[in-house]
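K.L.:
The structure's right below; bear with me while I get my questions together.
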Amino acid sequence: MISFNTRLTIDRLGWRGEGVAQGPDGLIFIPYALAHETIIAEVDGARGTLVEVVAPSPDRIAPFCRYFSRCGGCAVQTLSAESYARWKRDLVAKALQRAGLTIAVSQLIDAHGAGRRRATFHARYPQQGQVKTGFTQARTHDIVEIDSCPVLASSMDRALPAARALAQALAGQSKPLDILVTATASGLDIDLKGHGPMSDTATQRLIKIAGDYDLARLSNHGSILISRRTPVLAMGRVMVAPPPGAFLQATEAGEETLAARVCAHAAGAKLIADLFSGVGTFALRMAAFAKVDAYDLDEAALQAMAKAAHVEGMHQVTAARRDLFARPLRPEEMERYDAIVFDPPRAGAAEQATALAASLVPVIVAVSCNAESFARDAAILCAGGYEILMVEPVDQFRHTPHVEIVASFRRRGEKPRRKRRLLG
Ligand SMILES: C[S@@+](CC[C@H](N)C(=O)[O-])C[C@H]1O[C@@H](n2cnc3c(N)ncnc32)[C@H](O)[C@@H]1O
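Numbering follows the working numbering, with no gaps: position 329 of the sequence shown is 330.
Here it is, written out as structure tokens:
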């Protein structure tokens, strides 16, 4: 395909945060261009590279990060706060419309807070002895070497130097390395991926770096190399010690916002099932007012939750390992619950939503990190007789197209006869 420079008018900001223009042969996607701008772009098929903004949008502001447009971490930094909030809310509203659902979406709730408390850095070894550490460029595996990232929380200040030192210590390998860093209350927790089994010599080098950077814990593919302090995070009234690499919300404010919304929607329930519970982000907080049965595939995460749950004054939290894609909770298993919370991975949970749609559970709270799969699952629930009461978009991945969603559903019509109540 031959690339050429052309003048374009941007129609809208798309779901990946790219400007979308109509070209002679179809849509063209141009990163870093904003809606209603006139630009010059170098066009190659359906992709364009922004060369010059000829007539900027009145909403255009200066980016705050010097790596913006080179680093692939942020897609949208040059849009005014108001337009940005509208664009992100519309991502959810449009996904619901496409799924055939009519519901007003609430204003975007900002949950950036102090910034990201976790990040995955990447290291590549282009030549013998050479190491590049940073984030990847958008849509490539090339590394942008950065000195700092203003999106990270200050608790992550030592994350990048530590990641760089660890990557350097493994120079000599050729495979790409991913370095997941999480800031916990007891220090940085780092899990390495991509290296494979570690020799004793390499392990000793890494342990030395863990000491130099005062890491709480260092692991390789979830296997602990050294634990200098147990990494812990406060969740409601309890402290949880997440296993290496476990799922956690990206910002503390994001976790607190999502959990507060979930608890508000489930308030009044006495027995709740928390599906895709992870380490108990919601279960451990809901246990302040209800008994909770938590289900997840990750045994280590469930164990961390169960261990944290034994606190005076809290209701019982039970943990069950279950593959909810292969074996969703069946409608008759769910009958005893007053409320069900479900927070699946990006793919959503079509099978579980189908079982929920056939259930008599009075209240369902859905949490999602993907507007499309959320809309599909919401449509399944609505087709089964549920009504959506509220859809709230939550922004913990500021400057990216990612948006979290919390939604509450109530069974339409008469209050269903409940087996548990009849038996009780
Ligand atoms: C988006 S996370 C949510 C975790 C938790 N609710 C939180 O907010 O921290 C999705 C969770 O789904 C779990 N998961 C992934 N596939 C699963 C499956 N097939 N069955 C059950 N749980 C699964 C993961 O282990 C992860 O804990």
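Glycine included, C-beta positions come from ideal geometry on N, C-alpha and C.
In this text the structure is predicted, and so the values were computed from the model without any measurement.
Under 9 angstroms, do V364 and A267 count as touching if we go by C-beta distance?
P.N.:
yes
K.L.:
In three-state DSSP terms, what is I110?
P.N.:
DSSP, reduced to helix, strand and coil, places I110 within a strand of the structure shown.
K.L.:
Going residue by residue through the stretch 243-271, where are the continuous alpha helix (DSSP H) segments of at least 4 residues, counting only ones entirely within it?
P.N.:
253-267
K.L.:
Suppose only complete runs of 3+ residues qualify. What are the beta strand (DSSP E) ranges in the stretch 32-75, listed by chain order?
P.N.:
39-45, 48-56
K.L.:
So, is D294 buried or exposed, given that buried needs 16 or more other C-beta atoms within 10 angstroms?
P.N.:
D294 comes out buried.
K.L.:
What number of angstroms, rounded off, separates the C-alpha of L171 from the C-alpha of G212?
P.N.:
Each residue's Cα considered, the two are about 16 angstroms apart.
K.L.:
Give the list of continuous alpha helix (DSSP H) stretches no shorter than 4 residues that lie fully inside the stretch 312-384.
P.N.:
332-335, 351-358, 372-384
K.L.:
Give me, in chain order, the residues of the same chain whose beta-carbon lies closer than 6 angstroms to that of S107; leave out the 5 immediate sequence neighbours on both sides.
P.N.:
Within the same chain, Cβ atoms closer than 6 angstroms to the Cβ of S107 are found at E393, the five residues on either side in sequence being excluded.
K.L.:
Count the CB pairs spanning the stretch 245-261 and the stretch 180-194 that are closer than 8 angstroms, and state whether there are at least three.
P.N.:
As far as the Cβ criterion goes, the stretch 245-261 touches the stretch 180-194, which means the pair count is three or higher.
K.L.:
Go ahead and label Q23 buried or exposed: buried means 16 or more other beta carbons lie within 10 angstroms of its beta carbon, across all protein chains shown.
P.N.:
exposed
K.L.:
Classify V55 as buried or exposed, calling it buried when 16 or more other Cβ atoms lie within 10 Å of its own Cβ.
P.N.:
Under this definition V55 is an exposed residue.
K.L.:
How big is the Cα-Cα spacing for I180 and D324?
P.N.:
So the two alpha carbons sit approximately 27 angstroms from each other.
K.L.:
Between the Cα of D339 and the Cα atoms of R411, L80, R331, A63, which residue gives the shortest distance?
P.N.:
R411
K.L.:
Can you pull the DSSP bridge partners for D396?
P.N.:
D111
K.L.:
Apply the 10 Å Cβ neighbour rule to D275 and answer buried if 16 or more other Cβ atoms are within range, or exposed otherwise.
P.N.:
buried
K.L.:
Give the residues whose C-beta lies closer than 5 angstroms to at least one heavy atom of ligand 1, in chain order.
P.N.:
F248, F277, G279, T282, D297, L298, D299, D324, L325, F326, D344, P346
K.L.:
Give the single residue among A327, A291, V233 whose Cα lies nearest to the Cα of V318.
P.N.:
A291
K.L.:
State the DSSP-derived secondary structure class of Q1, mapped to helix, strand or coil.
P.N.:
Outside the displayed span of the chain (2 to 425) sits residue 1, for which this structure offers no information.
K.L.:
By Cβ distance below 7 angstroms, which residues in the same chain neighbour E256 in space, the five residues on each side in sequence not counted?
P.N.:
Only Q250, T282 meet the Cβ criterion.
K.L.:
Counting only the same chain and skipping the five closest in sequence on each side, list residues whose C-beta sits under 8 angstroms from that of K271.
P.N.:
A291, K292, D339
K.L.:
Would you mind stating whether Q397 and H113 have Cβ atoms separated by less than 9 angstroms?
P.N.:
yes
K.L.:
Per the contact definition of three or more C-beta pairs closer than 8 angstroms, is the stretch 399-413 in contact with the stretch 42-57?
P.N.:
no
K.L.:
Counting C-beta neighbours from all protein chains within 10 Å, is the total for K209 16 or more, i.e. buried, or is it exposed?
P.N.:
exposed
K.L.:
Run the CB neighbour count on H142, radius 10 Å, all protein chains shown included, and call it buried at 16 or more, exposed below.
P.N.:
exposed
K.L.:
What residue range is occupied by the uninterrupted beta strand (DSSP E) comprising G116?
P.N.:
Segment: none, G116 is in no beta strand (DSSP E) and carries neither H nor E.
K.L.:
On the three-state DSSP scale, how would you describe I147?
P.N.:
Looking at I147 - three-state DSSP - the assignment turns out to be coil, as it is neither helix nor strand.
K.L.:
Leaving out five residues on either side along the sequence, give the residues of the same chain with a beta carbon under 6 angstroms from the beta carbon of V362.
P.N.:
M335, Y338, I341
K.L.:
In whole angstroms, what is the alpha-carbon distance linking A358 and A42?
P.N.:
47 angstroms
K.L.:
Just verifying my parser: in three-state terms, what is the DSSP assignment at R125?
P.N.:
strand
K.L.:
With a threshold of 16 other CB atoms inside 10 Å of the CB of L457, please say whether the residue is buried or exposed.
P.N.:
Lying outside 2 to 425, the shown extent of the chain, residue 457 is not represented and no answer is given.
K.L.:
Report all residues from its chain with a CB closer than 7 angstroms to the CB of P151; omit the five preceding and five following residues, and keep chain order.
P.N.:
F65, C66
K.L.:
With burial defined as no fewer than 16 other Cβ atoms inside 10 Å of the residue's Cβ, what is the status of G349: buried or exposed?
P.N.:
buried
K.L.:
On the three-state DSSP scale, how would you describe S84?
P.N.:
helix
K.L.:
Need the endpoints of the beta strand (DSSP E) that Q23 sits in, please.
P.N.:
19-24
K.L.:
Give me the Cα-Cα distance between D60 and D12, rounded to the nearest whole angstrom.
P.N.:
14 angstroms
K.L.:
Give the DSSP-derived three-state secondary structure of K194 in the structure shown.
P.N.:
Here K194 sits in strand by DSSP.
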